[in-house]
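**Q**
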Amino acid sequence: MDFHARKVIHELADKFNIKSKSTGKADQRRPTLYRTIRTLPYAEAAFDQAINRIQRRFLPRLDTKGKRNTKPNTTRCVTATAASYREGEIVGAAAPELGLENRGRAMLEKMGWCRGTALGATNNKGILLPVTHAMKKSKAGLG
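Just so we're aligned, residue 1 is where the sequence shown starts under UniProt numbering, counting upward by one.
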């Protein structure tokens, strides 16, 4: 049995909750169907409706107006160049200082930090400048 005929049989079996499996090799392949507990009882109207739905996909009617693909064929290419960093550029270099309404800054100020002082204990000066990260896009020099 050819591929398309087997495909139609498998799709019909799926509509009626019948377990289906293809067996055999090359031109001797054939579908094998198994009834399950969920298999629907045979009803002529439901069977004809399922066959018509499946056949429409292969032989669509051209005289009726049905659902058509209304989306344009062109795909929009969204580029991230506006928000990306160049090689060696410092990430967040142009970011403004955190405002007074920022919760993180408010918490640090409640713990005794003020602008221009280091993060850390008073006897341990910690870091005076923020940690910077230079963008690395190329794989050269890694590992």
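All C-beta atoms in this analysis are idealised placements derived from N, C-alpha and C, irrespective of residue type, glycine included.
By alpha-carbon positions, which one of Pro41, Leu108, Lys137 and Ala50 ends up nearest to Ile84?
**A** Per the sequence presented here, residue 84 reads as Ser, with Ile not at that position. The candidate whose alpha carbon is nearest that of Ser84 is Lys137.
**Q** With the cut-off set at 8 Å, would you say Arg35 and Arg6 are in Cβ contact?
**A** No, the pair does not count as a contact, with Cβ atoms beyond the cut-off.
**Q** Can Leu128 and Ala118 be called in contact, C-beta distance under 8 Å?
**A** Yes, the Cβ-Cβ distance between Leu128 and Ala118 is below 8 Å.
**Q** When you compare only the Cα positions, how much space is there between Gly126 and Gly120?
**A** Distance between the alpha carbons of Gly126 and Gly120 is about 5 Å.
**Q** So, are the CB atoms of Ala13 and Leu33 less than 8 Å apart?
**A** Yes, these two residues count as a Cβ contact at 8 Å.
**Q** Is it the case that the Cβ atoms of Ile90 and Thr132 are separated by a distance below 8 Å?
**A** Going by C-beta atoms, Ile90 is nearer than 8 Å to Thr132.
**Q** Excluding the 5 residues preceding and the 5 following Ala134 in the sequence, name in chain order all residues of the same chain whose CB lies nearer than 8 Å to its CB.
**A** The residues are Gly88, Glu89, Ile90 and Val91.
**Q** Determine the extent of the alpha helix (DSSP H) in which Lys15 is found, giving its start and end residues.
**A** Run containing Lys15: Phe3 to Lys15, per the alpha helix (DSSP H) assignment.
**Q** Can you grab the Cα-Cα spacing for the pair Arg103 / Ala94, in whole Å?
**A** Rounded to the nearest angstrom, the two C-alpha atoms are 21 Å apart.
**Q** Using DSSP with H/G/I as helix, E/B as strand and the rest coil, what is Leu98?
**A** Leu98: coil per DSSP, three-state reduction.
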